[in-house]
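The sequence shown finishes on residue 398 if you use the working numbering, and the numbering steps up by one all the way, no holes.
Idealized CB from N, CA, C, for every residue including glycine.
From a predicted model like this one, the values you see are computed outputs, not experimental measurements.
Take a look at the structure below.
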Amino acid sequence: MQMKKYVAIVLGHLAGVQDACVEMSRLGFIKWLLKMVTSAEDSLRESSLNALLNASFNETVRIELVQEEATLPFIVKTSKDIGCERCATFGLRILQRCLAGGTDNIAIARLLSADAIPILMVLLKSPSEELQEASMRLLCLLSMHSGAKCQAQNLLGIGALLGFLHKENVQLQTAATAALMSLTVDIKAKQDFIQQNGVPAIIPFIDSDSKILSFNALQLATNIAENPAGRSQLHSQIRKVQTLLDTSHSQIQKRFAKAALQQLRFKHRPFS
């Protein structure tokens, strides 16, 4: 068992080299690492998942993980059942990387068929902030699919995510706003967000010192302002958003601020 752990650690170091990742895939080491994840030994599972996480930067490895029908469902279910928060976090980060590189549609379909959304809602209740963050980041990516949006809403995902906006942790706030931004493309999600007092919670983030959190809050405000009630609640923030547009040195922030202003200033024409 100890020798297997050392092999997994070595593979984790080798996975930092792109050519080595291709060889690991060709020689069957990716499959071997997946097999080691089923070990009863926590340290071996952690070393194996860490090696897979490092290797998943490589496109060849990601394609192998996605194309094998049982692999992604295995990883997401293992993340729930493994009993090791660090291992579960590694597993979810691997899945995040698999939702890229031209394989995202296949990966999303495999994960949704494996009940990924209900599993993530359970993992959001973990005491581990790293696991909570990883769960929200994966939820954000999956929620680009309409079926995932519906599942998350039915499982009270909006309320669960809003709770993280009140945490004194910028990483959690950023992950939560990203997931909410993805969900609130949907009309019902906008309504749920407004009804659960989400608007006051995001207002402080619009001009946050954290640029990413500000980006997310501006995009989220743009989504919510498509709803007349949400637009009314956000109307008082027009001056703040205008100031960002006028003074920010970030072209990305300016673009998001401009989009938010357009939506906040939108007026419905009366029906004739």
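Status (buried if at least 16 other CB within 10 Å, exposed otherwise) for residue i
| i | result |
| --- | --- |
| residue 393 | exposed |
| residue 272 | exposed |
| residue 420 | Residue 420 falls outside the range modelled here, since the chain spans only 127 to 398, and no answer is possible. |
| residue 138 | buried |
| residue 388 | exposed |
| residue 171 | buried |
| residue 150 | buried |
| residue 382 | buried |
| residue 294 | exposed |
| residue 237 | buried |
| residue 219 | buried |
| residue 318 | buried |
| residue 320 | buried |
| residue 141 | buried |
| residue 154 | exposed |
| residue 207 | exposed |
| residue 164 | exposed |
| residue 136 | exposed |
Where residue i falls: helix, strand or coil (DSSP)
| i | result |
| --- | --- |
| residue 391 | coil |
| residue 284 | helix |
| residue 240 | coil |
| residue 358 | helix |
| residue 234 | helix |
| residue 332 | coil |
| residue 146 | helix |
| residue 380 | helix |
| residue 385 | helix |
Endpoints, alpha helix (DSSP H) assigned at residue i
| i | result |
| --- | --- |
| residue 135 | 128-140 |
| residue 367 | 364-373 |
| residue 376 | First-last for residue 376: undefined, no H or E at that position. |
| residue 340 | 337-350 |
| residue 221 | 211-224 |
Among the options, nearest to residue i - alpha-carbon criterion
| i | options | result |
| --- | --- | --- |
| residue 283 | 292, 226, 305, 300 | 305 |
| residue 196 | 232, 184, 211 | 232 |
| residue 133 | 152, 294, 169 | 169 |
| residue 269 | 289, 297, 307 | 307 |
| residue 250 | 278, 234, 223, 240 | 278 |
| residue 301 | 316, 201, 265 | 265 |
| residue 328 | 375, 179, 296, 281 | 296 |
| residue 281 | 322, 243, 375, 348 | 243 |
| residue 380 | 215, 367, 323 | 367 |
| residue 166 | 309, 210, 322, 181 | 210 |
| residue 162 | 378, 129, 248, 363 | 129 |
Along the chain, which unbroken stretches of the alpha helix (DSSP H) at least 4 residues long are found entirely within the stretch 153-209? 155-162, 168-181, 185-193, 197-207
Starting from the N-terminal side, write out each stretch of the alpha helix (DSSP H) that is 4 residues or longer and does not extend beyond the stretch 247-327. 255-268, 272-280, 283-290, 296-309, 313-321
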